[in-house]
Amino acid sequence: KLEGLKTIAVTTNGINLTRLLPRLKEAGLNAINISLDTLVPAKFEFIVRRKGTNLSSKATVLILAGMCLLYLQVNCVVMRGFNEDELLDFVDFTKDLPIDVRFIEYMPFDGKCCCLEILLGQK
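Read in UniProt numbering, the sequence shown has 21 at position 21, and its numbers run on one by one without any break.
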């Protein structure tokens with residue numbers, strides 16, 4: 001731990017969090033930003049590009065992390081045609097947990113061109 005440092009945070013998709021959390025806490029971690037764009041297992045596998053990822057264990061990680069850290073935030077990028085129908089599910093999932101959810105507007109750029117068809121607020 002470094003003197004004068006109030007917050008040590010990490011941003012993660014949570015895949016290895018259960019394995020790493022005890023050591024990270026020991027090192028002084030007290031805040032986590034979890035990128036979670038969907039609560040649907042098949043969509044989650046698509047996003048993280050890994051088959052067999054158990055989303056229910058990810059939900060457990062969110063709950064455990066929220067109970068054992070000072071601050072936990074979920075970042076959800078909202079995308080038209082992909083997860084805009086899950087916003088109320090996110091609110092319901094986290095309403096009784098010590099977790100902040102931040103809905104982030106999709107940035108329509110894939111490194112080569114603009115992808116306006118996915119932008120939720122754009123018509």
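All C-beta atoms in this analysis are idealised placements derived from N, C-alpha and C, irrespective of residue type, glycine included.
Keep in mind that this is a model prediction, so the values were computed, not measured.
Exposure label - residue i; buried when at least 16 CB within 10 Å
| i | result |
| --- | --- |
| T94 | buried |
| Q122 | In this prediction, Q122 scores a pLDDT of 48, lower than 50, which makes its location untrustworthy; the coordinate-derived value is nonetheless stated afterwards. Classification of Q122: exposed, given that the 10 Å Cβ count is below 16. |
| I32 | buried |
| L72 | buried |
| N16 | exposed |
| I47 | buried |
| V10 | exposed |
Of the residues the options, the one placed nearest residue i, counting alpha carbons only
| i | options | result |
| --- | --- | --- |
| V77 | I8, N13, L21, A27 | N13 |
| F90 | D37, E105, P41 | D37 |
| N30 | L70, K51, L20 | L70 |
| D85 | T7, E3, K43, K51 | K43 |
| F82 | D96, L20, E105 | E105 |
| D100 | M107, S35, M79 | S35 |
Residue i - partner residues in DSSP beta bridges
| i | result |
| --- | --- |
| N33 | T11, Q73 |
| R102 | N75 |
Cβ shell of residue i (< 8 Å), same chain only, five flanking positions each side left out
| i | result |
| --- | --- |
| D102 | One detail in the question is off: residue 102 reads as Arg in this sequence, not Asp. Once the five neighbours on either side are set aside, the close Cβ partners of R102 are Q73, V74, N75, C76. |
Close beta carbons around residue i, own chain, < 6 Å, minus the five adjacent residues each side
| i | result |
| --- | --- |
| L5 | none |
7 Å Cβ shell around residue i - same chain, five flanking residues per side excluded
| i | result |
| --- | --- |
| K51 | E45 |
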